[in-house]
Amino acid sequence: MPLLMPLTQYKNKRDLRKTPEPAGGKATSSGKLRFVVQKHDARSLHYDFRLEMNGVLKSWAVPKGPSLQPSDKRLAVMVEDHPFDYRNFEGIIPEGNYGAGTVIVWDEGYYEPIVPVTSKKAAEKELSKQLKSGSLKVRLFGSKLNGEYALVHTKQSEKSWLLIKHKDEYATSTDITRKTRSVKSGKTLEELEKNNRKQPGKKAATKKASAAKTSSPPKNNSAKLPSSMPPMLATLSEPFQEKGWLYEIKWDGYRAIAHLDGKKSKLLSRNNKSFNEKFYPVYEAITQWNVKAIVDGEIVVINDKGTTSFGQLQNWRSEADGHLLYYVFDILWLNGEDLTEKPLSARRDILEKVLQQQDSELIRFSKNFTGTVQGLLKKVTKLGLEGIIAKKADSVYMPGARSRDWLKIKTGMRHEVVIGGYTKNDGSPKPFSSLLVGVYNEGKLHYTGKIGTGFSVELQKKILKKLQALERKKTPFTELPDVNKPSRFRPDPPNATAVWVKPELVCEVSYTEVTADGLMRHPSFEGLRTDKPALKVEEERPVAVKRKTTTSKKKFTRETDSKTLLNPSEKTQEKTINGHQLKFTNLNKFYWPKLKIEKRDLLNYYYQVAPYILPYLVNRPHSLNRHPNGFAGKNFYQKDVTGKIPEWIETLPYRTDDDPQQKNFLVCTDEASLLYMANLGCIEMNPWSSTVKKPDHPTWCIIDIDPDKNSFDEVIEAARVAHDILETAGVPSFCKTSGSTGMHIYIPLRSKYDYEQSKEFARLIVTLVQQELPELTSIERQVNKRKGKIYLDFLQNRPQATLAAPYSARPKPFATVSMPLLWEEVKKGLKMETFTVQNTMSILQEKGDVFKGVLGKGISLQQALKKIKSNFTLQNENS
517 MPLLMPLTQY
527 KNKRDLRKTP
537 EPAGGKATSS
547 GKLRFVVQKH
557 DARSLHYDFR
567 LEMNGVLKSW
577 AVPKGPSLQP
587 SDKRLAVMVE
597 DHPFDYRNFE
607 GIIPEGNYGA
617 GTVIVWDEGY
627 YEPIVPVTSK
637 KAAEKELSKQ
647 LKSGSLKVRL
657 FGSKLNGEYA
667 LVHTKQSEKS
677 WLLIKHKDEY
687 ATSTDITRKT
697 RSVKSGKTLE
707 ELEKNNRKQP
717 GKKAATKKAS
727 AAKTSSPPKN
737 NSAKLPSSMP
747 PMLATLSEPF
757 QEKGWLYEIK
767 WDGYRAIAHL
777 DGKKSKLLSR
787 NNKSFNEKFY
797 PVYEAITQWN
807 VKAIVDGEIV
817 VINDKGTTSF
827 GQLQNWRSEA
837 DGHLLYYVFD
847 ILWLNGEDLT
857 EKPLSARRDI
867 LEKVLQQQDS
877 ELIRFSKNFT
887 GTVQGLLKKV
897 TKLGLEGIIA
907 KKADSVYMPG
917 ARSRDWLKIK
927 TGMRHEVVIG
937 GYTKNDGSPK
947 PFSSLLVGVY
957 NEGKLHYTGK
967 IGTGFSVELQ
977 KKILKKLQAL
987 ERKKTPFTEL
997 PDVNKPSRFR
1007 PDPPNATAVW
1017 VKPELVCEVS
1027 YTEVTADGLM
1037 RHPSFEGLRT
1047 DKPALKVEEE
1057 RPVAVKRKTT
1067 TSKKKFTRET
1077 DSKTLLNPSE
1087 KTQEKTINGH
1097 QLKFTNLNKF
1107 YWPKLKIEKR
1117 DLLNYYYQVA
1127 PYILPYLVNR
1137 PHSLNRHPNG
1147 FAGKNFYQKD
1157 VTGKIPEWIE
1167 TLPYRTDDDP
1177 QQKNFLVCTD
1187 EASLLYMANL
1197 GCIEMNPWSS
1207 TVKKPDHPTW
1217 CIIDIDPDKN
1227 SFDEVIEAAR
1237 VAHDILETAG
1247 VPSFCKTSGS
1257 TGMHIYIPLR
1267 SKYDYEQSKE
1277 FARLIVTLVQ
1287 QELPELTSIE
1297 RQVNKRKGKI
1307 YLDFLQNRPQ
1317 ATLAAPYSAR
1327 PKPFATVSMP
1337 LLWEEVKKGL
1347 KMETFTVQNT
1357 MSILQEKGDV
1367 FKGVLGKGIS
1377 LQQALKKIKS
1387 NFTLQNENS
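This is the structure in structure tokens:
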């Protein structure tokens, strides 16, 4: 099996005087390896899968293209090595040349071996070893392809391999090859060919600079600027904090790429439309630059309050409509040199120096900010800005690609949507009542809701004129929207008539959240967007950044990975935790025999999950539920630990009515006390709702949804209704599975109210839920009076009452965990047994702690009660 095919084979097959393909190119010193997948319409359509390795691109031709389905084994024929610069090639190979046909960059990004490595050199050494063995296993980070893949050599021929997707979170039955556009130019093969036919006099060999964007040109002013450079895109993310990132303001404007070349300068939108006339002051300013360069930035309008206004930008015609600015944050090309492979920090240094030589008030440098992400978010929220952008300091610029090296963190929920219709209501004086909108998924437009607020009558008239020119008879959505669907807590709306339009207009919308059925809550119109094509408006979900997790300033800081505390062999082991010597015993005892889960596995789980679970345990007294013989063995409860625990463990004294002698609760303070409890056989952790600092004032209010013989889907229905009621009252809530049969809803109080106030507020909420679902739920304390209905328990809000903590294991058959969820995840089909001690850490490392808002700002009970009173009517006022 030939492995090292030199570039002489590549060059011998081509006449590089007649083809625009690159001749060479040097691999970067960046710490990441690049991959590219090129779609190639030659004698037959195929995909070229290329991996950077030892300075060249190892290449395979995949006739059917990559698959996201692990059961698919796609033939991959190994071909000659290609030069490193081939990863950027996009263009047409003329007839009569080897591989004649059209090529686009279908996907690109970074990759790494699945085996952990410490450097790029080590990665290439490991990959070369795997390649030689005939089994190459890699992890891709691309725009279309992500997750783990294997290339496996077959015995059919020397060049025959199989490309196989591994089972991971990116595996799906979706046909990814339906995505047909280039991640660099945004064009399909057909569009690239069509564009070439419009320029018949242009020789193929002259396409190297514009279509291929190949090798780094010499550092002189003779090299031509690329004709287009689509912007690198950011991925929506949850807030995080980590070293090695730069933070900028997320400007609420139009992304714009400026090509600076004197009178030949141009200002382009993200989809390559000219902004020269629309934003003429900025265009005139860039023509005055005395450099040849490409810079990336955002055009904004500053309103009278000194903040950005997307609405004013959308309607901007002249200086009278607002102060126009162009904030630039990256430079991609300068005086003949391609800068995209330089690290971001270096590119920004270059950009700042270039800007210092210019003299324009309209063009500003978008500065970096220091501090915590949460602190920055608070500041930009006060300023009325959209959010922040986090960028890895060492990231290279990937034109047209959406990368996790750039992350956008928003202060609120905003998104682009496609307008597929509008409604008219009987008797309404407005031009239209609402816009019917959606987002694309695999080329199909999915309905996401109707927008009825955020525009004036004058703006509606302008929008309606555009919509009327696009009217059509059939709905463009995959499902027929229910435009007359009533709100749960509001009267039925008047009869509305839907008018469908061609899905070409794009607008921006703000909203509070997405419901379980994919609809936006409380959407508000922000403005039309002319800078984004409708087909590229797709669903975005925030990702969690894998990082070190810190749960306090001094304690609980550890890399949250799969490291274990206890080795897999010895029955008894001693370890030093937080300076305390702990002896772990009976480690080979099966706690879940059928699952082969031992006591050591449970202890290892709590060791790994400690950074996530400890914020909900620390400084809280605990009731110990001990299962020394596993989940199915006999258990017993222990509250009083007087004289039975080491002196270093803290306690809280208490007395009972029938025994005046002082007793003591165990208080968890750190990892050592957590693991001590687990070693006692505490499969689950049961903390108080209050801390020892304010024992009479709970941190949170709890609604416990406890089913009888009801299905979990019915539990979910009750939880969703409770969430709707709380949301309508302006009350944030956080949910988790109980790990048994029910669900828990937590409301942050921040210890501002006592247990009685918390209990009465929970009583009010469950009473409203029971009114909504009288056939399904009950608030009767006596079991025989519930008649098999779901019990809505508000009595968990009592002193010393406990529930299993977030991320706590439960003594149940599947080794389940009480798992916090986003509300969008709480929908029918959810299974309790999905979350176990065996997979929780992998979920947490991807999602992060989605429950932490419980420990944040507490609600105002007075304001909540006022809103509830105005929105709801209790059927029995005495309840």
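Take 517 as the starting number for the sequence shown in the working numbering and just add one per residue. Just so it is clear, CB atoms sit at the ideal spot from N, CA and C, and this is done for glycine as well. Here the structure is a predicted model, which is why all the values come from computation and not from measurement.
Is N528 buried or exposed, if buried means 16 or more other CB atoms sit within 10 Å of its CB?
On the sequence shown, position 12 is the one that residue 528 refers to. Answer is exposed; the Cβ neighbour count stays below 16.
* **For Y1422, the nearest candidate out of I815, N787, N788, R786 (CA to CA)** => As shown, the chain starts at 517 and ends at 1395. That puts residue 1422 outside it, with no answer to give.
Please state whether DSSP places R864 in a helix, a strand or coil. Looking up residue 864 in the sequence shown gives position 348. R864 falls in the helix class under three-state DSSP.
| request: Keeping to the same chain, check which residues put their C-beta closer than 7 Å to that of E1272; ignore five residues upstream and five downstream. | output: For the purposes of this step, residue 1272 is identified with residue 756 of the sequence shown, where counting begins at 1. Nothing meets the Cβ criterion.
Cβ neighbours of F845 in the same chain (closer than 7 Å, five flanking residues each side left out) | Taking the first residue of the sequence shown as position 1, residue 845 is located at position 329. Correct list, in chain order: E764, D812, G813, S882.
What is the residue span of the beta strand (DSSP E) that D846 lies within? Here residue 846 is taken as the residue at index 330 of the sequence shown, counted from 1. That run of the beta strand (DSSP E) goes 839-850.
Return yes when the Cβ of L1021 is within less than 8 Å of the Cβ of I935, no when it is not.
For this step, residue 935 is matched to residue 419 along the sequence shown. For this step, residue 1021 is matched to residue 505 along the sequence shown. For I935 and L1021, yes; Cβs fall inside 8 Å.
Inset, instruction - Please go through the same chain and pick out, in chain order, the residues whose beta-carbon is closer than 8 Å to the beta-carbon of E1349, but skip the five residues on each side of it. - result: Walking along the sequence shown from the start, residue 1349 turns up at place 833. Excluding residues within five positions, the ones whose Cβ falls inside 8 Å are F1330, T1332.
In whole angstroms, what separates the C-alpha of F1388 from that of E974?
As a first step, residue 1388 must be located in the sequence shown, where it is residue number 872. As a first step, residue 974 must be located in the sequence shown, where it is residue number 458. Each residue's alpha carbon lies about 35 Å from the other.
- F551 versus F1228 - alpha carbon distance: To locate residue 551, count along the sequence shown from 1; it is residue 35. To locate residue 1228, count along the sequence shown from 1; it is residue 712. When rounded, the distance between both Cα atoms is 44 Å.
Assumed close pair S1274, P1211 - CB separation to whole angstroms, cut-off 8 Å: Against the sequence shown, residue 1274 aligns to sequence position 758. Against the sequence shown, residue 1211 aligns to sequence position 695. So it is not a contact: roughly 13 Å between Cβ atoms.
Is it true that the CB of L678 sits closer than 8 Å to the CB of T670? Along the sequence shown, read from residue 1 onward, the residue named residue 670 stands at position 154. Along the sequence shown, read from residue 1 onward, the residue named residue 678 stands at position 162. Cβ atoms of T670 and L678: closer than 8 Å.
- Could you work out which residue in K894, E606, K1225 is closest to E709 when comparing CA atoms only? Here residue 709 refers to the residue found at position 193 when the sequence shown is read from its first residue. Of the listed residues, the one whose Cα sits closest to E709 is E606.
Sorted by chain position, which residues of the same chain lie with C-beta nearer than 6 Å to G1345's C-beta, five sequence neighbours on each side aside? What you label residue 1345 is simply residue 829 of the sequence shown in a count that begins at 1. Here the set comprises nothing.
Nearest residue (CA-CA) to L1182, options D1174, N1120, P1203, P1176: The sequence position of residue 1182 within the sequence shown is 666, counting from 1. Answer by Cα proximity: P1203.
inquiry  = If contacts are defined as beta-carbon pairs under 8 Å, then V1017 and L980 qualify, I think. What distance do you get, rounded to the angstrom?
reply    = On the sequence shown, position 501 is the one that residue 1017 refers to. On the sequence shown, position 464 is the one that residue 980 refers to. At roughly 10 Å, the Cβ-Cβ gap does not stay under 8 Å, so V1017 and L980 are not in contact.
Taking the straight line between their C-alpha atoms, what separation do you get for K735 and G822? Residue mapping note: residue 735 aligns to position 219 of the sequence shown, counting from 1. Residue mapping note: residue 822 aligns to position 306 of the sequence shown, counting from 1. In this prediction, K735 has a pLDDT of 43, which is less than 50 and means its spatial position is unreliable; what the coordinates show is noted afterwards. For K735 and G822, the distance between alpha carbons rounds to 41 Å.
(Q) Going by C-alpha to C-alpha distance, which of P1109, L1103, L1111, L1098 sits closest to L1190? (A) Along the sequence shown, one-based indexing puts residue 1190 at 674. With distances taken between Cα atoms, L1190 lies closest to L1098.
Beta bridge counterpart(s) of L667 as assigned by DSSP | Within the sequence shown, numbered from 1, the residue matching residue 667 stands at position 151. Partner(s): L652, L679.
request  = Return the chain-ordered list of same chain residues with a C-beta closer than 6 Å to the C-beta of F993, the five sequence neighbours on each side being excluded.
outcome  = Here residue 993 corresponds to residue number 477 of the sequence shown, with the count starting at 1. The answer, listed in chain order, is G936, G954, L961, Y963.
- Going by the CB atoms, is the gap between Q585 and A666 shorter than 8 Å? For the purposes of this step, residue 666 is identified with residue 150 of the sequence shown, where counting begins at 1. For the purposes of this step, residue 585 is identified with residue 69 of the sequence shown, where counting begins at 1. Contact: no.
task = State the DSSP-derived secondary structure class of Y1269, mapped to helix, strand or coil.
result = Translated into the one-based positions of the sequence shown, residue 1269 becomes position 753. DSSP places Y1269 in coil when its eight states are reduced to three.
Measure the beta-carbon distance from D623 to K681 and round it to whole angstroms, keeping in mind my assumption that it falls under 8 Å.
If you number the sequence shown from 1, residue 623 lands on position 107. If you number the sequence shown from 1, residue 681 lands on position 165. That belief does not hold up - the Cβ atoms of D623 and K681 are roughly 14 Å apart, past 8 Å.
Note to self: For the alpha helix (DSSP H) containing D1229, name the first residue and the last one.
What the structure shows: Reading the sequence shown from its first residue, position 713 is the one you call residue 1229. D1229 -> alpha helix (DSSP H) spans 1228-1244.
Checklist entry - With DSSP run on the structure shown, which of helix, strand or coil describes Y1123? => result Taking the first residue of the sequence shown as 1, we reach residue 1123 at position 607. Y1123 falls in the helix class under three-state DSSP.
Length of the line joining the Cα atoms of P1049 and R771 = Taking the sequence shown and counting its residues from 1, the one referred to as residue 1049 is at position 533. Taking the sequence shown and counting its residues from 1, the one referred to as residue 771 is at position 255. When rounded, the distance between both Cα atoms is 13 Å.
Using 8 Å for Cβ pairs, my map puts I1281 next to L1292. What's the rounded Cβ distance? For this step, residue 1281 is matched to residue 765 along the sequence shown. For this step, residue 1292 is matched to residue 776 along the sequence shown. In fact, because the Cβ distance is near 16 Å, the residues do not count as touching under 8 Å.
What three-state label does DSSP hand A772 in the structure shown?
Position 256 of the sequence shown holds residue 772. Residue state, collapsed to three classes: strand.
Review point. From this set, I608, L532, R1279, which residue's C-alpha is nearest N1313's C-alpha?
Key: Locating residue 1313 in the sequence shown gives position 797, counting from the first residue. It is R1279 whose Cα lies nearest to the Cα of N1313.
Notebook entry, point to check: At which residues does the beta strand (DSSP E) containing R590 begin and terminate?
Noted result: For this step, residue 590 is matched to residue 74 along the sequence shown. Start and end: 589-599.
Original post:
Relative to the alpha-carbon of G1034, which residue among V1157, S1040, P1169, E995 has its alpha-carbon at the smallest distance?
Top reply: Within the sequence shown, residue 1034 is the residue found at index 518, counting from 1. Of the listed residues, the one whose Cα sits closest to G1034 is E995.
task = Go ahead and label K1087 buried or exposed: buried means 16 or more other beta carbons lie within 10 angstroms of its beta carbon, across all protein chains shown.
result = Position 571 of the sequence shown, counted from the start, is the residue given in the question as residue 1087. Burial call: exposed.
_As a quick exercise: from P747, L1371, G615, I620, pick the residue whose alpha carbon is nearest that of Y1128._
Taking the sequence shown and counting its residues from 1, one reaches residue 1128 at position 612. Looking at the Cα atoms, L1371 is the closest of the given residues.
Legend entry - Straight-line Cα distance separating T693 from D557: Walking along the sequence shown from the start, residue 557 turns up at place 41. Walking along the sequence shown from the start, residue 693 turns up at place 177. Near 14 Å, if we compare the C-alpha coordinates of T693 and D557.
(Q) Given this structure, state the Cα-to-Cα distance separating M517 from K636, to the nearest angstrom. (A) Your numbering for residue 517 matches position 1 in the sequence shown. Your numbering for residue 636 matches position 120 in the sequence shown. Legend: pLDDT at M517 = 37, less than 50; position of this residue unreliable, value from coordinates given subsequently. When rounded, the distance between both Cα atoms is 25 Å.
Host beta strand (DSSP E) of V1183 (start-end)
Walking along the sequence shown from the start, residue 1183 turns up at place 667. From DSSP, the beta strand (DSSP E) with V1183 extends over 1175-1184.
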